Amino acid sequence: MRKKLAAGNWKMNGLSASLTELETLKTAHPAPSVEVLICPPSTLITSAVVTAADHPLQIGGQDCHANEAGAHTGDISAAMIKDAGASYVLTGHSERRTDHNESDATIRAKTRAAHEAGLTAVVCIGETLEEREAANTLQIIAGQLAASLPDILAAENTVIAYEPVWAIGTGKVPTTNQIGEVHDFIRTKLEQRYGEGVGRSIRILYGGSVKASNADEIFAVSNVDGALVGGASLKASDFGPIVTALENA
Ligand code: 13P
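When we follow the numbering used here, the leftmost residue of the sequence shown carries the number 395, and every step to the right adds one.
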């Protein structure tokens, strides 16, 4: 059984005062039946870990360097994120792929670094609008999966997040058929590459304009094991109902 995961990516949002949102989330969901993860900006990881200490809420980073340490001004390593008390890290988010020209090979190296540090990597993939309109979605997904994932991984340390680039922050959401097609495809690819046991146990999240109002129908789609939520994860009043929807799915 795959434990469902409601994950929030705060992106470059959040100051110390935002930690009250975690307090509110904890109060609203004292014992969630699904896993709940928040990835705040790196400046807040330590304090978020402290805030979450008496609760199952997990904290993650949004990116890590592929190396453990060294002369890389401004970067943080997976070991540092782990040392700060986090348990997850996102790799390959489309905003990193675009803003920082991250290649699949870079993302694979970062994912490997996350695993070596003892973190669970949430590896993000997804097609652009142009790629979807050219009917290349599955080909793009296959290529990103093949090149962004290491050959060796475990179901416990790897989560896939399918985030169509055109659905991120736009309010546009694929149809449930489109989501199901991609998630089923990812599941098949994972089983082919890692064997049925591991491939069937890796969680696959959907991300892109998830809100309380569309969460129920998205969570009912086959092979959707949760969500990676951007804008609607910033406020507990928006994210809490998404957690509830996943609990009820
Ligand atoms: P939105 O939920 O704001 O569309 O962002 C999705 C996302 O990029 C999460 O990583």
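Here a beta-carbon is modelled for each residue, glycine too, at the ideal position from N, C-alpha and C.
In this text, all values refer to a predicted model and were calculated from it rather than measured experimentally.
Residue pairing of residue 552 in beta bridges, as defined by DSSP: 515. Those residues that bring their Cβ nearer than 6 Å to a heavy atom of the ligand 13P are 403, 487, 557, 562, 563, 601, 602, 603, 604, 622, 623, 624, 625 and 626. Taking a contact to require three or more Cβ pairs closer than 8 Å, the segment 583-600 and the segment 550-558 qualify as touching. In the DSSP assignment, residue 439 falls within the alpha helix (DSSP H) that extends over 439-445. DSSP, reduced to helix, strand and coil, places residue 403 within a strand of the structure shown. A residue is called buried once 16 or more other Cβ atoms fall within 10 Å of its Cβ, and residue 425, having fewer, is exposed. Comparing alpha carbon positions, the residue from 581, 539 and 609 closest to residue 627 is 609. Distance from the Cα of residue 479 is smallest, within the candidate group 521, 453, 615 and 458, for 453. At the C-beta level, residue 509 and residue 547 come within 8 Å of one another. Looking at the DSSP output, residue 454 shares a beta bridge with 482. Between the alpha carbons of residue 552 and residue 411 lies a distance of about 31 Å. Taking the Cα positions, residue 422 is about 7 Å away from residue 634.
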